[in-house]
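Heads up: the sequence shown runs through residues 6 to 212, numbered per our numbering. All C-beta atoms, glycine included, are put in the ideal place defined by N, C-alpha and C. In what follows, a structure is listed as structure tokens, so that the remarks can point back to it.
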Amino acid sequence: MHVLYSFRRCPYAMRARLALLSSGVVYEHREVALKAKPAEMLQASPKGTVPVLCLSSGEVLDQSLDIMWWALRHNDPEGWLPRSSPMAEETQALIAVNDGAFKAHLDRYKYPQRFGLASGEADRDQAAAWLHTLNARLQAHAFLAGEQWGLLDASIAPFVRQFARTDRAWFDAQAWLQLMQWLVRFENSEALAAVMHKHPLWVSSQA
């Protein structure tokens, strides 16, 4: 049995769970407290971040994107994977921007005190430029990946959700109608409800 160490609200773990759900891969879910990481998880992945997927083969995947690609290459019934090499390259490039500059601004916007900032507004506004880019893509088609939800959408949506929830009134007042519609569709989806199911904390046998 595959084992997933996860934390419910972490956007990286969230997107990994979304891909695992779509793929139909069966695994044991182990919900962890990030302030008290279980020894088994740290033995599998010393870097100590979630998600961590321990495969039944003994292999360990401790990057969310690696878990997503692995799961969908195992089984992709909803057609999430890019259908060509150029599409795969574009998907990876857009995710890199999301995980790089956008995530850095998101963290500073959401937790300015951690970075010695009086306010996160400057980073909010810089992050917003990326969101306008996404909105432009969504003006051309219903989803970031085209006419159906895909790996690109699942990789980015949890982070946009986190950004929006930081100040929802401000977010909803912005001129990105298509982005808001896309986000609300994700927030109301059965898939998100499924992966956000509350699990009790997993109890380590080594505790």
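Range of the contiguous beta strand (DSSP E) that encloses glutamate 33
32-36
Kindly list the residues whose CB is nearer than 8 Å to the CB of serine 28, restricted to its own chain and excluding five residues on each side of it in sequence; keep chain order.
Ala76, Leu77, His79, Asn80, Asp81 and Pro82
Check whether the Cβ atoms of histidine 7 and histidine 204 sit closer than 8 Å, and answer yes or no.
no
For tyrosine 10, name the three-state secondary structure that DSSP assigns.
strand
With C-beta atoms as the reference, is leucine 9 less than 8 Å away from tyrosine 32?
Cβ distance < 8 Å, so leucine 9 and tyrosine 32 count as in contact.
Nearest neighbour of threonine 171, chosen from Gly121, Asn193, Ala180 and Tyr116 [CA to CA]
Tyr116
When we look at the beta-carbon of aspartate 128 and count the other beta-carbons within 10 Å, is it buried (16 or more) or exposed?
buried
Using CA coordinates, which residue listed in Lys52, Gly121, Gly125 and Arg142 is at the minimum distance from tryptophan 175?
Gly125
DSSP on valine 102, reduced to helix/strand/coil?
helix
On the criterion of 16 or more Cβ atoms from any shown chain inside 10 Å, does phenylalanine 164 qualify as buried, or is it exposed?
With 16 or more Cβ atoms within 10 Å of its Cβ, phenylalanine 164 is classed as buried.
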